[in-house]
Amino acid sequence: MKNILSLFAGLLCALCVRAAQVDTLLVFSKPMNKSIKTVVVSPTGKKASSTLYLLHGYSGNYSNWVNNAPQVKQLVDEYGYVVVCPDGGFDSWYWDTDNANYQYETFITKELLPFIEKTYHVQSDRMHRAITGLSMGGHGALYLAFKHQDLFAFAGSTSGGVDIRPFPNNWNIKARLGAYHEQPKAWDEHTVMELTHLVQPGNLQLFIDCGTADFFFDVNNKLHEKLTYLNIPHHYLTMPGKHDWHYWSRSIVFQMAFFQQCFLATTTTK
């Protein structure tokens, strides 16, 4: 969006000493028969109506974003929407698989959303929901948004592993899906790059970014090219940076500014 770059500079100066409310909750998953730790960041002194679901990366956990990018808390107070950081397991990729311990698509879409909306009294329609994340979580966010456009109107990814197939031996993916050379169909069905046909043009507003020195830079460029070829509107940003928290601490400012504009547009068009 046209104002994102200018917003970034302004926000760094405008962020103040206010601290949003940070809760760590246990949300029970019936299919996985366990409670999932989830951080919820909500604005102080404001009635929030919208929610951003913010996913962590491989080997990470629910606390990564608030611990490693604490400006998320100030941005929540600045914008007035809720940020939810669920634990996605060490290596779930936010899929449902044959393993009963890996039912994270169901957890987020059918259990977490209604729990958050009931507990924090936020709006429960797609125009008040966004989802994004980093690395494995960037892939997970787009994967869930593409498959569940009835639930999410806005989605993003920062440094996302948006095509898993060039990495057949990495990040324990074959433990979830089987070896790529044995199960190519399963890999195709679980990678964002092969799910673009699900996106109804104009139905999702998308913001994708990646650092130019990131090992996922090439697959993000290819996704950008494919979305462009298919006439699927999206915003694509590249910046100097690697696959690390130095980059994500900057990129989250752009991501959250984008979703703020999306939520504001929803409010003003009512």
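So the sequence shown is residues -19 to -1, 1 to 251, counted in mature numbering (1 follows the signal peptide of the UniProt record, and there is no 0).
Ideal Cβ placement from N, Cα and C applies to all residues, glycine included.
Cβ neighbours of residue i in the same chain (closer than 7 Å, five flanking residues each side left out)
i: Leu218; result: Asp190 and Phe235
i: Phe71; result: Ser40
i: Gln164; result: Leu158
i: Val64; result: Val22, Leu33, Leu35, Val53 and Val57
Neighbour-count burial assignment, residue i, 16 or more Cβ in a 10 Å radius
i: Glu170; result: exposed
i: Ile89; result: buried
i: Glu92; result: buried
i: Arg231; result: buried
i: Ala246; result: exposed
i: Pro182; result: exposed
i: Gly(-10); result: Bear in mind that a pLDDT of 49 at Gly(-10), under 50, signals an unreliable position, so the number given afterwards is only what the model happens to contain. With fewer than 16 Cβ atoms within 10 Å of its Cβ, Gly(-10) is classed as exposed.
i: Glu86; result: buried
i: Phe127; result: buried
Reduced DSSP secondary structure (H/G/I, E/B, other) of residue i
i: Asp190; result: strand
i: Asp79; result: coil
i: Leu125; result: helix
i: Ala167; result: helix
i: Ala(-6); result: Because Ala(-6) sits at a pLDDT of 46, beneath the cut-off of 50, its placement in the model cannot be relied upon, and the following sentence gives the value as read from the coordinates. DSSP places Ala(-6) in helix when its eight states are reduced to three.
i: His216; result: strand
Cβ-heavy atom distance, residue i to the ligand NAP, below 7 Å
i: Leu33; result: Only the bare structure without any ligand can be found here, which leaves the ligand NAP out of the picture.
Close Cβ partners of residue i (< 6 Å) along its chain, the five nearest in sequence each way excluded
i: Gln241; result: Tyr60
i: Val200; result: Val143 and Asp144
i: Leu208; result: His215
i: Arg110; result: Thr32 and Phe133
i: Gln84; result: Pro12, Met13 and Asp77
Residues near residue i in its chain [Cβ-Cβ closer than 8 Å; skip 5 each side]
i: Val47; result: Val3, Val20, Val22, Val53, Lys54 and Cys66
i: residue 271; result: Past the edges of the chain, shown from -19 to 251, lies residue 271, and the structure says nothing about it.
i: Ala(-1); result: Thr25, Lys54, Gln55 and Asp58
For residue i: DSSP bridge partner residues
i: Thr19; result: Leu6 and Pro67
i: Gln84; result: Asp77
i: Gly114; result: Leu36
i: Thr172; result: Paired residues: none, contrary to the question.
i: Tyr101; result: In the DSSP output, where bridge partners are listed per residue, Tyr101 has none listed.
i: Gly137; result: Phe188
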